[in-house]
Amino acid sequence: MPAARRTYLFYRDVDFVPYLVSLAAVGGLTWAALPYAWVRGSVAVALAFLAALFWRKHGARLEPRSVGLLLRGLGRYPWSLALRLLDGWAISAQLALGFAVALGVEAGVRHVAGPDSLWLTPFPALWCFAVVFGALTAYRTVVLLAHLRKARHVRQVLEGSSWARELKGLSTWAHLVHAWVTGELATLAFFLPSLLFWQLTEPTCVRELVLLALGAGAILASARGLDTRAEVPASRSLRVAVALVVPSGKAAEREGGLTHGADHASRFGFTLFHGHHHDAVPCALVGGPGVGLLEAFDNGLLYLPYLGSATVSLLAFGAYAVIDMLFHQYVPGVFPYTRAVLSFQVHHVAHHFFSLRPVSVNARYGFDVGAGYRPDNAVTRWFLETAKAHEPVPVDVSDRFLRLTLAEPMVVTPEEVARIDAHARGAVA
Numbered sequence: 401m402p403a404a405r406r407t408y409l410f411y412r413d414v415d416f417v418p419y420l421v422s423l424a425a426v427g428g429l430t431w432a433a434l435p436y437a438w439v440r441g442s443v444a445v446a447l448a449f450l451a452a453l454f455w456r457k458h459g460a461r462l463e464p465r466s467v468g469l470l471l472r473g474l475g476r477y478p479w480s481l482a483l484r485l486l487d488g489w490a491i492s493a494q495l496a497l498g499f500a501v502a503l504g505v506e507a508g509v510r511h512v513a514g515p516d517s518l519w520l521t522p523f524p525a526l527w528c529f530a531v532v533f534g535a536l537t538a539y540r541t542v543v544l545l546a547h548l549r550k551a552r553h554v555r556q557v558l559e560g561s562s563w564a565r566e567l568k569g570l571s572t573w574a575h576l577v578h579a580w581v582t583g584e585l586a587t588l589a590f591f592l593p594s595l596l597f598w599q600l601t602e603p604t605c606v607r608e609l610v611l612l613a614l615g616a617g618a619i620l621a622s623a624r625g626l627d628t629r630a631e632v633p634a635s636r637s638l639r640v641a642v643a644l645v646v647p648s649g650k651a652a653e654r655e656g657g658l659t660h661g662a663d664h665a666s667r668f669g670f671t672l673f674h675g676h677h678h679d680a681v682p683c684a685l686v687g688g689p690g691v692g693l694l695e696a697f698d699n700g701l702l703y704l705p706y707l708g709s710a711t712v713s714l715l716a717f718g719a720y721a722v723i724d725m726l727f728h729q730y731v732p733g734v735f736p737y738t739r740a741v742l743s744f745q746v747h748h749v750a751h752h753f754f755s756l757r758p759v760s761v762n763a764r765y766g767f768d769v770g771a772g773y774r775p776d777n778a779v780t781r782w783f784l785e786t787a788k789a790h791e792p793v794p795v796d797v798s799d800r801f802l803r804l805t806l807a808e809p810m811v812v813t814p815e816e817v818a819r820i821d822a823h824a825r826g827a828v829a
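According to our numbering, the sequence shown is numbered sequentially starting from 401.
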């Protein structure tokens, strides 16, 4: 990053107002997308908990400049979203074309079979969402209980790291519940655009069937010649799942690094969109989707899952969410343990212990190595030694982890890093 730029990795007391705006936005969007009093009430309580915890951890101070930051950033956001959609115009066009085909088939069935046809029965997309969200909540709750049971161990591990100063003033249980709530709300926020879209368009069974066929065809096509990273000592099913749902191409890695870098180069991007993810303790609870609250909503808009099959979108997200949780387990000795982090060489651990690099969002990190990231550093050595003290770690796995053997270094130019400014989510300093 250019030396003149500031990097944002922490919340401060002056971020309280922008933080509240981000929570209010999530609350308002949830209110519009889910017309159930108990859901709205639960989300309101969760958001109030986050607000109270922010005040307890960081304090609160009104800064007049924050108002200008919000006005400028929110004013630029629609334009930046449009630019990012245009950047991925090929995928957007394919999804839009598939949706148009499904609408055409639906119209044909309506004309031939009449409005009372079984094919035109409303598809229960909301119930499908509830099943997937419920399953992810159950898994995240199991992870929470495992961490609460070993709360003393969790604190001892984190107190031996750069997270020690962030633990002060709150109990370990409060920190862990904070992480659980953050992960739950981010998961919900990702699907808010889809839930709103399904309300407006009222999907039918025939439309879902057409989109399901198109989505399954796309998955089968992409599965040909899958790179399952056979050299990684993990189960084949996990390798295949990672290869299917975690983007690992060089283009995706480069763009992911640039976009994630933008989240830390802009106060607006960090405080409103991304920062929630870094404010919670670094464990699996904050994974899936592994982003901040409004950032999850932004991704749910940008990736256009609502134009495809609800079934495919929900199942793919469910698989990704579990993998992302495994990839965010940075407290060794607690379920779901660090095997996936070490086996897939997830150096994202360094980023969650307050290092800007690596910013890549998958386990390749060629973008970061090309930009000067050194895999064998103080954080990765500390993490590896802590993991060895509490879990069985094969010698070859530890050696590969520190050497980051899966990375394929890229050439990263200053001009490419400068693109962060153009692609940030309405970024203002």
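Just so you know, even glycine gets a beta-carbon here, dropped at the ideal spot from N, CA and C. Fair warning: this is a prediction, and the values are worked out from it, not measured in the lab.
Legend entry - Buried/exposed call for E506, threshold 16 Cβ in 10 Å: Burial call: buried.
Inset, instruction - Report, in whole angstroms, the separation of the C-beta atoms of F744 and F767, which I expect to be a contact under 8 Å. - result: Not quite, the Cβ-Cβ distance comes to about 16 Å (not below 8 Å), so this is no contact.
Legend entry - Same chain only: Cβ atoms within 6 Å of R555, ignoring 5 sequence neighbours per side: Cβ neighbours of R555 beyond the five flanking positions: T572.
Legend entry - 7 Å Cβ shell around I820 - same chain, five flanking residues per side excluded: With a pLDDT of 47 at I820, under the threshold of 50, the predicted position of this residue should be treated as unreliable, and no value is reported.
Inset, instruction - Report yes or no: is there a C-beta of chain D within less than 9 Å of the C-beta of L462? - result: In the structure shown, chain D cannot be found, because there is only a single protein chain.
Legend entry - Whole-number beta carbon distance between G688 and V722, since they are thought to touch under 8 Å: 6 Å
Legend entry - For P522, the three-state DSSP class (helix, strand or coil): strand
Legend entry - For T604, three-class secondary structure by DSSP: Here T604 sits in strand by DSSP.
Inset, instruction - Please list, in chain order, all residues of the same chain as L701 whose beta carbon is under 8 Å from its beta carbon, the five residues on each side excluded. - result: L481, P593
Legend entry - Rounded distance between the beta-carbons of L462 and V417, thought under 8 Å: 6 Å
Legend entry - DSSP three-state assignment for H728, whether helix, strand or coil: coil
Legend entry - Under 9 Å between C-beta atoms of A586 and H677: yes
Legend entry - Buried versus exposed call for L693 [16 or more other C-beta atoms within 10 Å across all chains shown]: When all chains shown are included, L693 counts as buried.
Legend entry - Length of the line joining the Cα atoms of P478 and D698: 11 Å
Legend entry - Contact check, V749 vs S562, beta carbons under 9 Å: no
Legend entry - Within the segment 461 to 497, ranges of the alpha helix (DSSP H) (whole runs, at least 4 residues): 464 to 487
Inset, instruction - Kindly list the residues whose CB is nearer than 8 Å to the CB of G718, restricted to its own chain and excluding five residues on each side of it in sequence; keep chain order. - result: V532, A535, L536
Legend entry - Endpoints, alpha helix (DSSP H) assigned at Y419: 416 to 433
Inset, instruction - Could you check what DSSP says for Y408 in three-state terms: helix, strand or coil? - result: coil
Inset, instruction - Let me know the secondary structure DSSP gives L536 once reduced to three states. - result: helix
Legend entry - Neighbourhood of C605 by C-beta distance below 6 Å, restricted to the same chain and skipping five residues each side: W519, T521, F523
Legend entry - Straight-line Cα distance separating L503 from A490: 20 Å
Legend entry - Where Q745 sits in the DSSP three-state scheme: Three-state result, Q745: coil.
Inset, instruction - Look at the alpha carbon of G675 and the alpha carbon of V577, and state the distance between them as a whole number of angstroms. - result: 17 Å
Inset, instruction - Report the residue ranges of all alpha helix (DSSP H) runs contained in full by the segment 553 to 607; include only those spanning at least 4 residues, in chain order. - result: Counting whole runs of 4 or more residues, the segment 553 to 607 contains the alpha helix (DSSP H) stretches 564 to 567, 572 to 601.
Legend entry - Exposure label - G498; buried when at least 16 CB within 10 Å: buried
Inset, instruction - Below 7 Å CB to CB, which residues in the same chain sit around A787 once its five sequence neighbours on both sides are set aside? - result: P732, T738, L742, V793
Inset, instruction - State the CB to CB distance for the pair Y730 and H752, rounded to an integer number of angstroms; the pair is presumed to be in contact (CB under 8 Å). - result: 6 Å
Inset, instruction - State the start and end residues of the unbroken alpha helix (DSSP H) segment that holds S798. - result: Looking at the DSSP string, the run of the alpha helix (DSSP H) that includes S798 is 795 to 803.
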